[in-house]
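Colleague: For the sequence shown, our numbering gives the first residue as 10, with consecutive numbering after it.
A virtual CB, placed ideally from N, CA and C, is assigned to each residue, including glycine.
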Amino acid sequence: MAIVRCPSCNKSISDKHQQCPHCENNVAELDGEQRQQLAREKRIQKQQMFMNYSFFALFIFLGGFFSLYFLHPEPETPQWYACTAAIAIGCIWYLINRVILVTLKKKK
10 MAIVRCPSCN KSISDKHQQC PHCENNVAEL DGEQRQQLAR EKRIQKQQMF MNYSFFALFI
70 FLGGFFSLYF LHPEPETPQW YACTAAIAIG CIWYLINRVI LVTLKKKK
C-alpha cells in the first residue's frame, strides 16, 4: 500500500482507494498517462489563476499611480493616502504573484 496524490484535488490518498474520499473522483479507472494529464491541467489552471491575480494587482498599482499623477491630491489627505496605498498594495501583490508563478513553472 502506497500513498499517492489524487489527480483532481491533489490530496494524499491510498493507492488502494477506488474513489478519492476528499473529492469523490474515481481514481481506480485512471492509468498513469491520464493522471499526468489531469495533474498538468490542474497546474495550468493554477498558473492562469495567478496570472489573472497579477494582472489585477498591476491594474490596482497603475490606477493608484495615475490617480496620484493626474489628480494631484494634496499630501496627507485621504485621497493621497488612498493613492499611495493602492500603489503599495498593487506593487507588493504583483511581486508576490510573480514569485509564485516562477515557482510553479519550475516545478513541472
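#1: Between the beta-carbon of R52 and the beta-carbon of K116, is there less than 9 Å?
#2: With H, G and I counted as helix, E and B as strand and the rest as coil, what does DSSP make of N35?
#3: Answer with buried or exposed for A95, where buried requires no fewer than 16 other C-beta atoms within 10 angstroms of its C-beta.
#4: CB-CB under 6 Å to K20, same chain, minus the five flanking residues each way: which ones, in chain order?
#5: For Q54, which three-state DSSP category applies?
Modeller: Once the coordinates are examined:
#1: yes
#2: Here N35 sits in strand by DSSP.
#3: buried
#4: H31
#5: helix
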